[in-house]
Amino acid sequence: MNEEQRKFTDLSTRKQLREVVTHVNALQLHLVRHGSELAHDPLTDPSIHGILQEIDHKLDWMADTGHFPGRLPRWKDAYDTIVKMFHSKTARKAILAATNNLWHDMAERAEISVREENFIVRTDDRTTPAGPAFPCDIVLDNIRSAFNTGSIIRSADGFGVHGVFLTGITADTNNPKVQKTAMGAIAGVSIQRHTSLHTLIREKKAAGSTIYALETVEGSGNLMCEKFSYPMCLLLGNEEYGIPEDYLSAADRIIHIPMYGLKNSFNVGVSCAIVLYAARQQWDLDKTSLQ
């Protein structure tokens, strides 16, 4: 037994496991931060090779001490799978997913509090849009929560919305909360601040857009039965007070999302995504039928 192994086995059971968890976390962070720079054979990367050796040695030392007899074989199998993935040049995203899963399994047993940064964001974000533009604008009027604004911007990017307009107290894109929930989607969407909702609606109508107001009011149309007209403009209002009456009357159509539980509406960010999905699906199907 060398000095390093002796020091490790002298630690308490929990501290031994936490050391291994630290190495697994170092591996996944290296994959996140330097994944695009990895060599064709990642095992030639000295950092990766060193981290894998540390994990391998310490899992073996834990087995020698008889700790975690129920879980250790599973952890060892998961580690061996990760090494095989490196050898077979598996996609970095798959290796990262396997490493992150191992980290969470071990961290739970080591009683390590899981923080937000421990959830690895797996992304295949593109530099150009994956599909054609969608003839739809979104107007966010007096949205109180900056987090909701960011979420809607992310949905707008995901569905290929043409543009997003901010009016009233709706937070701007320089707000950190908007940036956090938008998750980088701000760069993929045309976003403009407009001083007058009344003028904006008039301009959109003059340009040929059908104005759809999303609101739970008497006489509104069921989203599930709506036949959208394009180009369209979706108007969303304040989370608590909704869309003012004079702007509702200016809309061409008022629609609602049918609810089947106790509550009468969804969060505005969720609602926006639901309507965009329905409208984008109709538009894609209409285009396909004409081809």
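Numbering (numbering that gives the first Met the number 0), first residue to last: 0 to 290.
Where a beta carbon is used, it is the ideal one built from N, C-alpha and C, also for glycine.
Judged by beta-carbon spacing, A132 lies within the 8 Å limit of G159, meaning their Cβ atoms are closer than that value.
Contact check for T43 against T8 fails: the beta carbons are separated by 8 Å or more.
DSSP places H86 in the uninterrupted alpha helix (DSSP H) bounded by 71-86. A distance below 8 Å separates the beta carbons of Q15 and H66.
By the Cβ-count criterion, H86 is exposed, with fewer than 16 other Cβ atoms from all chains shown falling within 10 Å of its own Cβ. Taking a cut-off of 8 Å for Cβ pairs, the region 199-207 and the region 168-180 do not touch, as fewer than three such pairs fall below it. Contact annotation, N147 with N266: C-beta distance approximately 7 Å; criterion of less than 8 Å satisfied. Contact check for A212 against A155 fails: the beta carbons are separated by 8 Å or more.
For Y276, the three-state secondary structure derived from DSSP is helix. Put simply, the backbone Cα of L101 is about 9 Å away from that of V20. Beta bridge pairing from DSSP links L42 with no other residue.
Here R153 is buried. Its C-beta has 16 or more other C-beta atoms within 10 Å.
In the pairwise beta carbon analysis, the region 184-195 is classified as not touching the region 210-228: fewer than three pairs are separated by under 8 Å. With a 10 Å radius around the Cβ and a threshold of 16 neighbouring Cβ atoms, H22 comes out buried. Its chain contains Y211, L213, L222, L233, I254, I256 as the residues whose beta carbon lies nearer than 8 Å to that of V274, once the 5 sequence neighbours on both sides are disregarded; these appear in chain order.
For the 8 Å CB-CB criterion, Q191 and G162 form a contact. Under the DSSP assignment, M231 falls in the beta strand (DSSP E) whose first and last residues are 231-235.
Going by beta carbons, A97 and T80 fall inside the 8 Å limit. If you look at R153, you'll find it in the alpha helix (DSSP H) that goes 145-157. Boundaries of the beta strand (DSSP E) harbouring I253: 252-255, taken from the DSSP string. The C-beta distance from L196 to L165 rounds to 10 Å, too long to fall under 8 Å, and the pair is not in contact. Counting the other Cβ atoms within 10 Å of the Cβ of M0 gives fewer than 16, which makes it exposed.
By the neighbour-count criterion, in which 16 or more other beta carbons inside 10 Å mark a residue as buried, Y78 falls on the buried side. Put simply, of E2, T209, S144 the residue whose alpha carbon is nearest the alpha carbon of T180 is S144.
If you draw a straight line from the Cα of G220 to the Cα of I47, it comes to about 57 Å.
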